[in-house]
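*Asks:*
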Amino acid sequence: MKTPQDPRHQRRKRLLEELFKRDFADQHIDQNAEEIFQIHDLLDQKIKTIAPDFPIEKINKIDLAILRLAVYELLIEKKAPPRVVIDEAIELAKEYGNDSSPAFINGALGKLIHQEEKN
818 MKTPQDPRHQ RRKRLLEELF KRDFADQHID QNAEEIFQIH DLLDQKIKTI
868 APDFPIEKIN KIDLAILRLA VYELLIEKKA PPRVVIDEAI ELAKEYGNDS
918 SPAFINGALG KLIHQEEKN
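Shown next, in the form of structure tokens:
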């Protein structure tokens with residue numbers, strides 16, 4: 818696990834906060850978060866396949882932002898190993914989400930990795 822001062826962890830926290838902010842209001846967000854938000858429909862389609870029992874509009878907004886960021890990192894950016902991305906997403910869920918967020922995030926992203934390994 819990374820320390821709270823790790824620049825990669827700080828970047829993810831900042832992006833998460835920007836994505837969360839954008840979900841509530843059409844506010845200006847930084848360029849990296851905007852790139853993720855521009856493809857949120859594509860990311861949401863993937864999230865629907867890994868969490869089919871949870872309609873996008875019913876997913877807790879912070880959990881949705883965490884999933885969008887992680888799915889983006891796993892499928893588009895591909896800079897960090899999958900286990901690192903998942904661990905970071907779980908840490909963000911512990912910090913920002915509710916009691917069930919870490920398990921939900923872990924399960925959904927685990928399913929994504931399993932699906933991607935099959936392909």
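Going by my numbering, the sequence shown opens with residue 818, and the numbers climb by one from there.
Glycine included, C-beta positions come from ideal geometry on N, C-alpha and C.
#1: Give, in chain order, every unbroken run of the alpha helix (DSSP H) that is at least 4 residues long and sits entirely within the region 885-915.
#2: Considering only the alpha carbon of each residue, which of Pro869, Pro919, Gly924, Ile856 lies closest to leucine 892?
#3: Just the C-alpha distance for glutamate 934 and glutamate 835, rounded to the nearest angstrom, thanks.
#4: Along the chain, where does the alpha helix (DSSP H) that runs through phenylalanine 921 open and close?
#5: Helix, strand or coil: how does DSSP classify asparagine 849 here?
*Replies:* Taking the coordinates as given:
#1: Entirely contained in the region 885-915, the alpha helix (DSSP H) runs reaching 4 residues are, in chain order, 899-913.
#2: Mapped onto the sequence shown, residue 892 falls at position 75. Answer by Cα proximity: Ile856.
#3: For the purposes of this step, residue 934 is identified with residue 117 of the sequence shown, where counting begins at 1. For the purposes of this step, residue 835 is identified with residue 18 of the sequence shown, where counting begins at 1. Their backbone Cα atoms lie some 30 Å apart in a straight line.
#4: Residue numbering aside, residue 921 sits at position 104 when the sequence shown is read from its first letter. Run containing phenylalanine 921: 918-935, per the alpha helix (DSSP H) assignment.
#5: Along the sequence shown, read from residue 1 onward, the residue named residue 849 stands at position 32. Three-state DSSP puts asparagine 849 in a helix.
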